[in-house]
Structure formats: C-alpha cells, structure tokens
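**Q** Mapping of the sequence shown onto the working numbering: residues 4 to 747, in sequence order. Positions of the beta carbon are idealized from the N, C-alpha and C atoms, including for glycine. Dumping the structure here so I can ask a few things about it.
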Amino acid sequence: MPSSVGGEEDIAAQETRSRRLIHGTALLFLAVVMGALAAQIHFNRQEQAHTLAAATAAKARAYEQAMARQVELFDAQLQILQHEWQDDRAGFPASIARLRYGSLRGYEVSVAVVDAHGVVAFYDAPGFAARSRQAPLNVEDRDYFRFFQQTPANLLYVGGVAPSRLTGRMVLPFARPLLDGRGTLLGVICLIVYPDYLNKLGGFVDLDPADRLVVLDRYGRVANGNAGQPPGQLPPEIMRPAAGRPTGAELRGDGVLAWRTLRDYPFTILLQNDGHELRRHQGALERSYVLIAGLPLLGMFAGVGFLLRDVRRRSRMLRELVRSELMAASVVDAMAEGVMRIDPAGVIRAANGAACRILAMDEDRLVGLSALSEDWQVIHPDGRECRVDELPTTIALRTGAPQANATLGFVRADGSRVWLNLSTRLLPREAGGGVLASFADVTALMDRALEARLGSAVVQSMAQAVVVTNQVGTIVRINPAFEELYGYGERDALGRRAGFYRSDRHDREFYRAMWRDLAERGHWQGEVWNRHRDGRALLVWASIDAVRDENGQVAHYVALYQDITEKKHAENEMWFGANHDALTRLPNRRLFQDRLDKALAVAERSAEKVGLLFVDLDRFKPVNDTYGHAVGDALLVLVAQRLNALVRGSDTVARLAGDEFVVLLAGVAGAADVRRVADGVVAEIARPFDVNGLHLEISASVGVVFFPDHGRDVDTLLHIADQAMYRAKAAGRNGYVVADIAPA
C-alpha cells in the first residue's frame, strides 16, 4: 500500500540518520577522550615542573637563610677579635683559642692582622704558630685591604675566594677595619675561613641526590657546593642565573635552576635539579593515564554495537507500528502537550484534553473552529500582533514544510494570556491530510525570562563590580563595572576560573579561610588585594554570597567588589603623619615610645638586653644661626640617614625634638654590641657633611643605657640616658658615656 511503503521509506531514512549520528558521536567521543588524555598529560607535566621549581626555590631560600646566619656568626666573632686586638693585644692569641673551642668549634679558621701599609703583622692558623712580623708578607693588593683604604668605615667586608699565600689553600676572608678615634685606618683584621667548611650548611637543607648546589662569591667564582667544582673556579654555563635578577627560579630544559643572592652579603646561591626523577615519575603516570583512557574507549565500542543493534530493533518495531496504527498515533489524548488535527482548509477537527486545558476551551467549542480565523488573538513575544499568514499552521499548509518551536502568545476567552511553544507537521493524505499541531504551555518560562532580563538590567547598571560563577568557580557573568575596575571584558573573563585577577599578597591559608566561611555560612566579606590587567595592585572590599537552588545545593556564587585603594592609602598616610617626624621621616616620640615598650616586654620574657642611645648634636645651633634653618633642616636629614645606616632593620632610630635623636637596639647579646654602635654614631657624625655646597663639621654627644641594668621602664631609661648625654658633653663632646649603674 502506498501509505505503508511511504512510511517504511521514512523509517529507513531515519535509521540511516541514526546510524550516522551514532558513528559521529562515537568519533566525537574518541576525539574528546584523546584530547582530554593529551591535555591531562600536558597539564600534569606543567604542574610537576612548577612543583619541582617551587621545591628547588624553597631549598635555595632555606640554604640562603642558613648561610646568612653563618656569616653573621663569623662577623660577630670577628668584631670580638677586633675589640680584643685593640684592647688586649697580649691576650689576643688566647682569645683566638677560646673562639676555636667555643663559637667556632668544628671550623678550621685562621686570623690575620694587617697593618696600615698592607703588611701582615699577626697571623694565627691551625698548624702554624702564632707569629708577629716574623717574615714580612705584603697583602696590599688583596681586595679587602684596598676596600678599607678607600672606605675606612667600621663594617664587614667579605672578599672573594683566593689562594692563601701562607698555606696555598683556597680561603674566604671576612674583614673589618682597625680605626683610631678619628676614623683613621690603622689596619685590617681578617677571619679567614676555608670554603670546604661552608659545606656544613648542607646539613640544614634536605637536598636530593639530583640537586647540584653551588655558592658563588662576589666575583662569581665558586665558593663551595656539592657540584664537584673546586673553589675559585667559574661555574659551568648551565649554572648561570638570569642577568639582573637577584632571586628567581627558571625551568632549564627538563630541569630547574633556582638562585638567591644574599641581601647583605656578596654571595649567590645556585641550586639546580636535572629533573631525572620528575621525568621518571611522569613516564609512569602517563602510562597509567593511557591504560585508564582505554577503559572508556572499550565501553564506547561496546555501547556503539549495542546502539546499532537497538536501532535495527527499533526500526523493525516502527515498521510494524506504521502498518497497523498510523491514524492512532496522530492524536494521543494522554499527552501533556496540546495536540490538534487541522484539515487542509484550516478547520480544527480534533483536539486532546491538554489542548482544551491550555486554551481554556471545551472540546465541543474548540472542534470546528477555524485555526486561520482573524478572531484568534495571537501576538509575537515582542508584543506585535501575529497576522494569519504568519501562523505556523498557515505556513505549514501553504508551503508543506513543518514548523518547529515557534513561540506565540494566545489571549484566552477570559482575557488571560498564555505563551505557547508551537510546532506543526503535515499529515499524510491517507490520514486525511492537513497538519498536526502540538504546543506546550511555556508561560512560566517566559515570565522567568522576563524576570531574568530585569535582574540583568539591575546588575548591568550597578556601580559595584559584579562577578557570577557557577558552583565550581567558573565565571559565567560580569557587569561593565567589573571591566572598569579590573580591565577585563567579557571575552577575557567568561569561562575562566574566578580569581585569575588575584594578586600575590595573600597566602593559601587566606583563601582557605574564605572558602571555609562560604561553605559554613554562605557568605564572606573583607579586604582583598587583587590585580588590574595592567599589573597595578588594587585593594577592594569584597562581598561573596552563595546562591542555592530549590534543593539547597549551591548553584552560583555572586561576588561584589568596590575599590578602596585610595581610601586605604589616605588612611595609611594619616597614620604615618601621626607617628613620624615630618622632616626626617623617622619615627617620632610617640611611635618610639610604643616600640620601646614592646622591646622591653620582649626582653623581659627572653632575658635579653635592650640598648638605648640618647644622641644630641654638638655645634648645631651655630649652623642654624649662621646659614639659616633650611641648611639646618638639610643637615638633620643627613644625620638621620647616617644613623639609620648604622643599625639593623629590627632597630629604631627616632627624632625626639630639635637636634635630639634616640637609637633603640633591641635584643642585643651584651654591652659590646651597644658600644660598637655608639662608636659608629660618634664616628659617623664627626665626618664632615656637604650641604648645598657647604662643608659643615659637627659632632655628637651620646648617652648610653641598658635594660634592665639602668631601669625597667621607658621614662627611667630616657631620663638616665639624657643625664649620661650631658656628662658626655661635659667631658668634651664628640664621644659617648655609659650611665653608671646605681648600687642595689
């Protein structure tokens, strides 16, 4: 029969399309799996390489810290020897022996004293008897001696690795000058360390067998390490760090090179890992990925076979159904969608219960009406009236082409409007011809779409930057204020993980706490440092909320950002102005007393000493009277700079008033450390100052007190230090006086 044959042809065509769809889907799945496997391998390699770089950089940083402590130990012992040589030359060899069996126990070191002409005046080394001017040896060409000839300042100088002229071994000199009270160079004292003993630092760092460690001196030569290169040589080309970067880590081929330059000392640490273990681990992991990826592929091939067999089975069933129930399939009264059969003249001949319910009309009234009548009130989504020739039913009858998913509004008899999603298809002539129209009520969806558009308009107009992400943190929406704040438009942001604009000013614990609050309370707010597209750091006030669906599960996160960078900067400027001297930028009396209070509390708990120097400038008033306050102010700024250069970062230099300064030395080991700083203050202030072309000479009178020897509170210490300063002035100025300790 023509109807049966035509139906079977349609089923055959549908079966062919299904087979093509299954084959295409299988190929797409294969491509996705292979692409995912390649991407996973690529990302794993990148992640492993960055992990290796981070671990190597951390080891280099640990070695840097250990080495800095070691150099500080050598410098502390050298300062002790410096004072011992000047104060008790006869007991100097005994002092060296005490150091060897005390602080420097386990190190092979030598001590040399060079006079002002570069001649070795004293030398003491293991295996050599202490001697003084036995066989003149001139070292005026050594870098440390030339340095102090040019800069006779009481500071540490670490020379380059060089062979000793007495022992022939490679040595690393740590030197300080010997100065008289006027700052004239009397000679140089050296603590000579053999680079081999610096390898002791390796015990503080957990190095892998593949880690190659090299420490370079100030001239870029090898000082020590485990790379098998003798001291004094240049490192191999592969161990060169990037030029102009004191600290960093770079991937070099399959390995990584991390380097760190000590902040205060002329050493550079190079740590290289060739990545052999990384490549071995990656190979094993990638083989496991390939094996795991094979499982879904096997499942896919099995599924393809099952689907093809199912398509054949379904085709047989459909052929049987077409032959027996062609007319019965045109109208199914139990369907949730409305279904109507319309004849070629446009008259409704049948309608199911859902059609009557959706259109709010009885079946008796609906059947027999013309679907093409002008009396139907139908509108487009934009509110325009839908003409008869625009109805999907009319188009299907006129062109013979089915119409799908047309959204139209239908005004019912009671005046209410319902939105329909309408589709039509032609009926075969054997079934009477015409079209079969099916439609679903989408009024709720249209209303929600309208609400969504209204909500979108509100978000777009907000002055605050808005970011909306899905439940896994992928950005699905931003507003114009976000682009204005961060410089990223929708093309740059959508599809990326939220937080790609983070700065590096917060650690991982900060973000863990943020997500913990979001998980527990559904809300977090606070100050966050983020970064603009051009690299500028932005301080923003962030408010993040979790949006849950009807099942209580997180569906989205909404974040609002407001730029508070300028406000925070203004607050910081106000705090700085309230706590610092406007001229010298030093802490003022208020901030100094606060820091002294805290230093005394720490020293009380740790049984340490605190040193306090009360500094008053001599002959400063004549400078003001002679040259004016502008020159006097410039001179005070230079004095502040010199005082700051003499102390550690943990110490404090403050200006109390006029030409009065104080120096707070926290956590000192003993009086010798404070005396050393006091010597430096007197010497530095006594050096001439060049101010606006004027050659000015002043001096300083300094009063020195200690906690807890001279007092246990701020007022007492300042009062006694002030008295000691006046004693220094009475003694002739240009010097310091340590306050007397009152008898218990």
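Would Asp548 and Tyr560 be called neighbours here (beta carbons separated by less than 9 angstroms)?
**A** What you label residue 548 is simply residue 545 of the sequence shown in a count that begins at 1. What you label residue 560 is simply residue 557 of the sequence shown in a count that begins at 1. Yes, the pair counts as a contact, with Cβ atoms nearer than the cut-off.
**Q** Given Thr250, which residues of its chain have a CB within under 8 angstroms of its CB, disregarding the five upstream and five downstream residues?
**A** The residue labelled residue 250 in the question sits at position 247 within the sequence shown. Result list for Thr250: Trp262, Arg263 and Thr264, in chain order.
**Q** Measuring alpha carbon to alpha carbon, tell me which of Asp654, Val694, Met577 and Gly673 ends up nearest Ser633.
**A** Walking along the sequence shown from the start, residue 633 turns up at place 630. Residue identity check: residue 633 is Ala in the sequence provided, not Ser. Ranking Asp654, Val694, Met577 and Gly673 by Cα distance to Ala633 puts Val694 first.
**Q** Going by the CB atoms, is the gap between Ile701 and Arg645 shorter than 9 angstroms?
**A** For the purposes of this step, residue 645 is identified with residue 642 of the sequence shown, where counting begins at 1. For the purposes of this step, residue 701 is identified with residue 698 of the sequence shown, where counting begins at 1. It is not a contact, given that the beta carbons lie outside the stated cut-off.
**Q** Give me the residue from Arg248, Gly492, Met364 and Glu487 with the minimum Cα distance to Ser419.
**A** One-based indexing of the sequence shown puts residue 419 at position 416. The shortest C-alpha separation from Ser419 is found at Met364.
**Q** Output the boundary residues of the beta strand (DSSP E) element that contains Cys193.
**A** Along the sequence shown, read from residue 1 onward, the residue named residue 193 stands at position 190. Element bounds for Cys193: Leu188 to Val196.
**Q** Which residues bound the alpha helix (DSSP H) around Val717?
**A** As a position in the sequence shown, residue 717 is number 714, starting the count at 1. Element bounds for Val717: Val717 to Ala733.
**Q** Count the C-beta pairs between the stretch 185-198 and the stretch 151-169 that are closer than 8 angstroms, then say yes if the count reaches three, no if not.
**A** Yes: the two stretches touch, three or more of their Cβ pairs being nearer than 8 angstroms.
**Q** Assign Gly614 to buried or exposed, taking buried as 16 or more other Cβ atoms, counted over all protein chains shown, within 10 Å of its Cβ.
**A** For this step, residue 614 is matched to residue 611 along the sequence shown. When all chains shown are included, Gly614 counts as buried.
**Q** Taking Cβ to Cβ, would you say Leu55 is nearer than 9 angstroms to Gly278?
**A** As a working note, residue 55 is residue 52 in the sequence shown. As a working note, residue 278 is residue 275 in the sequence shown. A contact, by the Cβ cut-off of 9 angstroms.
**Q** Got a sec, what are the start and stop residues for the alpha helix (DSSP H) Val350 sits in?
**A** Locating residue 350 in the sequence shown gives position 347, counting from the first residue. Val350 -> no alpha helix (DSSP H), and no H or E assigned at all.
**Q** If you compare alpha carbons, which of Leu219, Gly223 and Met173 is closest to Asp199?
**A** Residue mapping note: residue 199 aligns to position 196 of the sequence shown, counting from 1. Selected option, being the one with the closest Cα: Met173.
**Q** Please classify Thr187 as buried or exposed, where buried requires at least 16 neighbouring CB atoms within 10 angstroms.
**A** By one-based count along the sequence shown, residue 187 stands at place 184. Thr187 is exposed by the Cβ-count criterion.
**Q** Is Leu274 helix, strand or coil when you go by DSSP?
**A** Within the sequence shown, the letter at position 271 stands for residue 274. If DSSP states are grouped into helix, strand and coil, Leu274 belongs with the strands.
**Q** If we ignore side chains and look at the alpha-carbon of each, how far apart do Phe595 and Arg524 end up?
**A** Residue numbering aside, residue 595 sits at position 592 when the sequence shown is read from its first letter. Residue numbering aside, residue 524 sits at position 521 when the sequence shown is read from its first letter. Phe595 and Arg524: Cα-Cα distance of roughly 42 angstroms.
**Q** Taking the alpha carbon of Arg224 as the reference point, which residue from Gln236, Gln232, Leu216 and Ala213 has its own alpha carbon closest?
**A** Within the sequence shown, numbered from 1, the residue matching residue 224 stands at position 221. Ranking the options by Cα distance to Arg224, first place goes to Gln236.
**Q** Taking Cβ positions, are Leu425 and Ala404 nearer each other than 9 angstroms?
**A** Position 422 of the sequence shown, counted from the start, is the residue given in the question as residue 425. Position 401 of the sequence shown, counted from the start, is the residue given in the question as residue 404. It is not a contact, given that the beta carbons lie outside the stated cut-off.
**Q** By DSSP's criteria, Met343 is part of a beta bridge. Which residues make up the other side?
**A** Within the sequence shown, residue 343 is the residue found at index 340, counting from 1. For Met343, which the question treats as bridged, DSSP gives the partners Ala354 and Ala440.
**Q** Which whole-angstrom value describes the C-beta separation of Asp712 and Ile744, a residue pair presumed to lie in contact below a C-beta threshold of 8 angstroms?
**A** Locating residue 712 in the sequence shown gives position 709, counting from the first residue. Locating residue 744 in the sequence shown gives position 741, counting from the first residue. Contact flag correct, Cβ pair sits at about 5 angstroms.
**Q** Look at Tyr126 and Leu107 and say whether their C-beta atoms are less than 9 angstroms apart.
**A** Stepping through the sequence shown from its first residue, residue 126 is reached at position 123. Stepping through the sequence shown from its first residue, residue 107 is reached at position 104. No, they are not a contact pair.
**Q** Helix or strand or just coil, what does DSSP make of Ile481?
**A** Within the sequence shown, numbered from 1, the residue matching residue 481 stands at position 478. Correct three-state label for Ile481: strand.
**Q** So the alpha helix (DSSP H) Asp146 belongs to, where does it begin and stop?
**A** Walking along the sequence shown from the start, residue 146 turns up at place 143. It spans Asp146 to Gln153 - the alpha helix (DSSP H) in which Asp146 sits, taken as one unbroken run.
**Q** Go ahead and pull the three-state DSSP assignment for Ala133.
**A** Numbered from its first residue, the sequence shown carries residue 133 at position 130. The predicted position of Ala133 is uncertain, since its pLDDT is 49 and thus under 50; a value taken from the coordinates is nonetheless stated next. Ala133 falls in the strand class under three-state DSSP.
**Q** Roughly how many angstroms separate the alpha carbons of Pro431 and Gln406, rounded to a whole number?
**A** Locating residue 431 in the sequence shown gives position 428, counting from the first residue. Locating residue 406 in the sequence shown gives position 403, counting from the first residue. When rounded, the distance between both Cα atoms is 16 angstroms.
**Q** From Arg515 to Arg736, what does the alpha carbon distance come to, in whole angstroms?
**A** For this step, residue 515 is matched to residue 512 along the sequence shown. For this step, residue 736 is matched to residue 733 along the sequence shown. Their backbone Cα atoms lie some 59 angstroms apart in a straight line.
**Q** Name the one or two DSSP bridge partners that Pro166 has.
**A** Walking along the sequence shown from the start, residue 166 turns up at place 163. In DSSP, Pro166 forms a bridge with Met173.
**Q** Could you check how far apart the C-beta atoms of Val164 and Asp220 are, in whole angstroms? I think they sit under 8 angstroms.
**A** The residue labelled residue 164 in the question sits at position 161 within the sequence shown. The residue labelled residue 220 in the question sits at position 217 within the sequence shown. At roughly 5 angstroms, the Cβ-Cβ gap stays under 8 angstroms, so Val164 and Asp220 are in contact.
**Q** Taking 9 angstroms as the cut-off, decide whether the C-beta atoms of Ser113 and Ile44 are in contact.
**A** Position 110 of the sequence shown, counting from 1, holds the residue named residue 113. Position 41 of the sequence shown, counting from 1, holds the residue named residue 44. Taking 9 angstroms as the Cβ cut-off, Ser113 and Ile44 do not qualify as a contacting pair.
**Q** How would you call Phe617, buried or exposed, if buried means at least 16 neighbouring beta carbons within 10 angstroms?
**A** In the sequence shown, the residue the question calls residue 617 occupies position 614. Label assigned to Phe617: buried.
**Q** Ends of the alpha helix (DSSP H) at Gly635?
**A** Numbered from 1 along the sequence shown, position 632 holds the residue referred to as residue 635. Note, Gly635: alpha helix (DSSP H), His632 to Leu649.
**Q** For Gly631, which of Asp566, Ala675 and Leu697 has the nearest alpha-carbon?
**A** Translated into positions along the sequence shown, residue 631 becomes position 628. The shortest Cα separation from Gly631 among Asp566, Ala675 and Leu697 belongs to Leu697.
**Q** What is the residue span of the beta strand (DSSP E) that Tyr560 lies within?
**A** As a position in the sequence shown, residue 560 is number 557, starting the count at 1. Note, Tyr560: beta strand (DSSP E), Val557 to Asp566.
**Q** Is it right to say Gly171 is buried, meaning 16 or more other beta carbons lie within 10 angstroms of its own, or is it exposed?
**A** Here residue 171 corresponds to residue number 168 of the sequence shown, with the count starting at 1. Counting Cβ neighbours within 10 Å, Gly171 comes out exposed, since fewer than 16 surround it.
**Q** Could you check what DSSP says for Glu111 in three-state terms: helix, strand or coil?
**A** Walking along the sequence shown from the start, residue 111 turns up at place 108. Glu111 falls in the coil class under three-state DSSP.
**Q** Which residue wins for smallest C-alpha separation from Trp527, given the options Arg215, Ala540, Leu411 and Ser546?
**A** Taking the first residue of the sequence shown as position 1, residue 527 is located at position 524. Nearest option by C-alpha distance: Ser546.
**Q** Alpha carbon to alpha carbon, how far is Met728 from Val708? Give it in angstroms, no decimals.
**A** Taking the sequence shown and counting its residues from 1, the one referred to as residue 708 is at position 705. Taking the sequence shown and counting its residues from 1, the one referred to as residue 728 is at position 725. Distance between the alpha carbons of Val708 and Met728: 10 angstroms.
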